[in-house]
Every structure is written in C-alpha cells, then in structure tokens.
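A quick write-up on the structure given underneath.
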Amino acid sequence: MAYGPERLEEREVASVAELDRLPEGLPVAWIDVVGLGDVDVLAALGRRFGIHRLLLEDVTRTHQRPKVEDFPGCVAVLLREPGLEVGGRDRQVSLFFGEGWLLSFRESQGEAFEPVRARIRQAGRLIRSSGADYLAYALIDAVVDRYLPPLEALGERMESLQERILLDPQPDMLAELFETRQTLAAMRRSAWPMRELLNRLIRDPLPGIEDETRIHLRDCYDHAVLVLELLEGHRESCGELMDFYLSSVSHRANEIMKVLTITGAIFIPLTFVAGIYGMNFDPERSPYNMPELRWAYGYPVAIVIMLGIAVGMLIFFRRKGWLR
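Position 266 (the sequence shown) corresponds to 274 in my numbering; numbering is contiguous.
Here it is, written out as structure tokens:
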C-alpha cells in the first residue's frame with residue numbers, strides 16, 4: 009500500500025523488482041510480507057531499504073522476545089501476536105520503518121492488520137496524513153489489541169469452570185485448569201516485554217518518531233498495561249480456582265468418609281448384639297446359657313432392640329450436627 013492525504017494505491021507484488029513500479033509522490037509506502045520461507049526476498053528487501061543483516065536474521069528466527077532495535081535510518085520492532093483461540097500458538101510480527109516506508113513481516117496470513125487497512129482506505133483519516141511512524145504505531149496497537157479477545161474468552165472459561173466445580177468437581181476440570189494456566193503463562197511471556205518496548209518508543213530519541221506519534225504511543229502503552237493487568241488477574245483467579253477445586257474435592261472426600269464412619273458406628277453395636285447371639289451356647293446344658301433363646305418372642309425382641317439402637321444413634325448424630 010502507498011498512500012497520502014488525497015490518494016491511495018494498493019496492489020500485490022510477486023517480486024522485489026516490482027516495487028520499482030510503485031507510484032511516486034505518495035508520502036508513505038507499506039510493504040506487508042506474508043511468509044518467511046524465501047530468504048532471497050528478505051535479503052533483497054534488506055538491501056533495498058538498508059536493513060542490517062542481523063535484523064533480517066531476527067525476522068527468520070520466529071521465537072524472538074519482543075524488542076526494539078534502532079539502526080541508522082531504520083527502527084525495528086519485534087512483537088508477538090497471540091492466537092485468537094484459547095491455547096492457540098502465537099506468531100512473530102516484525103516491523104521495520106524509516107522515512108516514508110514501513111516493512112512488516114508475518115509468519116502467516118491473519119486479520120490483525122485488517123483494521124489498519126480499513127482506516128487507510130478511508131479518506132480523511134488521520135493515518136492518511138501521517139508518516140510511517142504513525143503507521144507503525146497503528147500496527148503495534150492492532151497487535152496489542154489482539155490480546156483482548158482471548159483474554160475475554162479465558163475469563164468466561166474460568167467463570168464456567170467455577171460454576172461446574174461448585175456443582176460437581178471432576179478430574180477433567182483440573183486438567184482444564186492446568187491448560188488455562190499454561191495458556192496464560194505463554195501469553196504473559198509474549199505480552200510482558202511490550203510494556204518495556206512501548207516505553208522505549210515513547211521516551212528514547214529514536215529516529216523518525218514524531219512527538220505527535222509518541223502521544224498516541226502512550227495510549228497504546230495504556231492498552232498494554234490493561235492487557236498485563238488482565239493477565240495477572242486471570243492468573244490469580246486460575247490459582248484460586250485450583251485451590252477451590254482441591255478444597256472441593258477434599259471436602260467431598262471428607263463428606264464421604266463421614267457417611268462411611270457414621271454407618272460403621274451404627275453397625276458396631278448391632279454387630280456386637282448379633283455376635284453375642286451367634287455364639288451357639290446350648291441352653292439345655294445350663295440355665296445360664298442364653299435362657300432368652302427359649303423365649304417365644306426372643307427374636308422379635310432382639311430385632312426391636314437393634315432397631316432402637318440404630319434409630320437412637322441416628323437421632324444422637326443428628327442432634328450433634330453430624331448428619332445434615
């Protein structure tokens with residue numbers, strides 16, 4: 009894309025040589041490179057725009073930490089764009105800009121830059137009358153804002169988990185909590201350096217960044233701080249949910265053990281009574297050998313006594329608050 013206040017040219021090019029046919033007289037040229045497999049294209053762009061080979065190596069090494077580098081005539085900004093889905097892989101975004109030009113390198117096609125393209129296509133927008141530094145700000149801000157949808161999805165996921173844990177904690181919920189925590193940790197590693205990155209863009213006397221653009225970068229800095237605050241809040245909530253899950257499981261186990269203990273306590277005296285009358289002493293041999301075995305209603309009386317013991321213990325346990 010090449011644009012100015014009154015005119016916009018947008019086209020796809022297949023080679024670096026075709027850049028020579030870009031229209032002249034437009035203040036800003038934005039070249040968006042998707043895919044990093046063609047090293048020759050990267051080298052040709054580096055020669056054309058005077059980008060140091062060390063910076064081009066950072067483009068192809070796609071696990072770089074977000075950072076800012078400044079070389080004569082060029083400022084390089086490396087960012088990490090998060091995946092929109094929970095647990096999605098983040099991708100590196102590399103920006104190089106100088107007087108009147110900006111190069112962006114992305115691993116794959118995505119929608120992060122579409123809001124910026126839409127603004128450029130609208131005549132009269134501030135971006136159309138600003139330089140490449142403002143375009144760099146707009147792209148950085150678009151990447152920072154990409155953290156908000158997955159963070160919102162993670163927040164909703166944790167709220168759902170909390171309700172499910174409260175109703176019926178299951179082992180798969182703990183695995184889901186661990187996955188959420190790992191996702192948050194990965195997002196934090198990507199987002200945390202952006203605060204330092206933006207702070208440097210605002211405060212350091214980097215070439216080609218106007219004071220007006222630094223004001224907008226402060227707003228982008230606020231967005232990055234918001235992202236980090238949400239990340240920290242979700243991490244704390246995730247830790248609390250894990251503690252809540254373990255407490256719920258422990259409480260549930262305690263409730264089960266309490267029921268089993270009470271059941272065992274009720275059957276202990278019943279087993280004692282049944283054990284006594286199961287000793288099979290012969291009342292014919294001695295009047296002291298369980299004479300009640302000769303009673304006409306001995307068996308019903310024993311059953312009633314055992315039921316009375318069980319009911320009495322249940323009433324006792326209930327009054328103690330052990331049964332609810």
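All C-beta atoms, glycine included, are put in the ideal place defined by N, C-alpha and C.
These numbers were taken from a predicted model, which means no experiment stands behind them.
One thing to note: V235 has its Cβ within 8 Å of the Cβ of Y155. Within the same chain, and ignoring the five residues on either side of M314 in sequence, the residues whose Cβ sits closer than 6 Å to its Cβ are L278, V281. In this structure L50 is in contact with V67, their Cβ atoms being roughly 6 Å apart against a cut-off of 8 Å. Between the segment 106 to 113 and the segment 39 to 54, the count of C-beta pairs closer than 8 Å reaches three or more; the two stretches touch.
R133 sits away from R125, with the two beta carbons spaced by 8 Å or more.
In the displayed model, F104 falls within a strand according to three-state DSSP. Residue ranges of uninterrupted beta strand (DSSP E) with 3 or more members, entirely inside the segment 58 to 134 and ordered along the chain, are 75 to 79, 82 to 89, 99 to 106, 109 to 114.
E184 is classed as buried because its beta carbon has at least 16 other beta carbons within 10 Å across all chains shown. In the structure shown, the three-state DSSP call for I323 is helix. Here A232 has V152, A199, M202, R203, L206 as same chain residues with Cβ atoms under 8 Å from its own Cβ, once five neighbours each way along the sequence are excluded. With a beta-carbon spacing of about 5 Å, A140 and F105 fall inside the 8 Å limit used to define contacts. Residue pairing by DSSP puts L16 in a beta bridge opposite Y11. Annotated three-state conformation of A193 is helix, per DSSP.
DSSP places A37 in the uninterrupted beta strand (DSSP E) bounded by 36 to 42. Separation of P123 and S137 (C-alpha to C-alpha, rounded to the nearest whole angstrom) is 17 Å. In this structure, the beta-carbon distance from L147 to I135 does not fall below 8 Å. Membership of S294 in any alpha helix (DSSP H) is not indicated, and neither H nor E is assigned to it by DSSP. Each residue's CA atom was taken as its position, placing Q190 and L182 some 12 Å apart.
Taking one beta carbon from each stretch, the segment 291 to 300 and the segment 205 to 220 have fewer than 3 pairs nearer than 8 Å; the two do not touch. Excluding five sequence positions before and after D98, the CB atoms of its chain that fall closer than 8 Å to its own CB belong to R88, E89, P90, G91, A194, M195, S198, given in chain order. With 16 or more other Cβ atoms from the protein chains shown falling within 10 Å of its own Cβ, Q100 counts as buried. The continuous alpha helix (DSSP H) containing Q170 extends over residues 156 to 175. When the beta-carbon positions are compared, L34 and R15 come within less than 8 Å of each other. The criterion of a C-beta distance shorter than 8 Å is not satisfied by I173 and L225. No residue range can be given for V21, since it is assigned to no alpha helix (DSSP H) and is classified by DSSP as neither H nor E. In chain order, A10, E17 place their CB closer than 7 Å to the CB of P31, counting only its own chain and leaving out the 5 sequence neighbours on each side. Sorting S102, P74, R69, Q117 by C-alpha distance to the C-alpha of C82 places S102 at the top. Distance between D290 and P308, taken at the CA atoms: about 20 Å. The Cβ atoms of C246 and M321 do not sit closer than 8 Å to each other.
By the C-beta density criterion, T269 is exposed, having fewer than 16 other C-beta atoms within 10 angstroms. Burial check for V24: the Cβ neighbour count within 10 Å reaches 16 or more, so the residue is buried.
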